[in-house]
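Working notes for the structure below.
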Amino acid sequence: MLCPYCFEDIDHLTKDPHWGFVCDSCCIEMNRIDRDTDWDTWEADKRQYIAESSEH
Ligand SMILES: [Zn+2]
């Protein structure tokens with residue numbers, strides 16, 4: 097199966113409840129990004145950016 101994150105052909109993809117079918121290394125990477133990212137801030141920044149860009 098093809099990992100949708102790194103597009104590598106992996107024999108066995110893990111079915112992760114969060115990421116869906118993902119290879120082990122991507123699963124680790126995604127969990128790391130998820131842990132390191134403050135999604136509330138990320139959301140607010142995105143909204144801010146959209147608000148600013150629609151003003152112009
Ligand atoms: Zn992968």
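Each step along the sequence shown adds one to the number in the numbering used here, with nothing skipped, and position 39 is 135. Built from N, CA and C at the ideal position, the CB exists for glycine as well.
Looking only at DSSP bridge pairs, what is residue i linked to?
{"i": "L98", "result": "D105"}
{"i": "K111", "result": "F117"}
Out of curiosity, what's the CA-to-CA distance linking residue i and residue j?
{"i": "D130", "j": "P113", "result": "14 Å"}
{"i": "F117", "j": "Y101", "result": "9 Å"}
{"i": "C99", "j": "I106", "result": "7 Å"}
To which residues of the same chain is residue i closer than 8 Å at the C-beta, ignoring the five residues directly before and after it?
{"i": "T110", "result": "F117, V118, C119, D120 and C123"}
So, for residue i: in the same chain, excluding its five sequence neighbours on each side, which residues have a beta-carbon less than 6 Å away from its beta-carbon?
{"i": "R143", "result": "none"}
{"i": "M126", "result": "W115"}
Near residue i, which residues of its chain fall below 7 Å by C-beta distance, leaving aside the five closest residues on each side in sequence?
{"i": "A147", "result": "none"}
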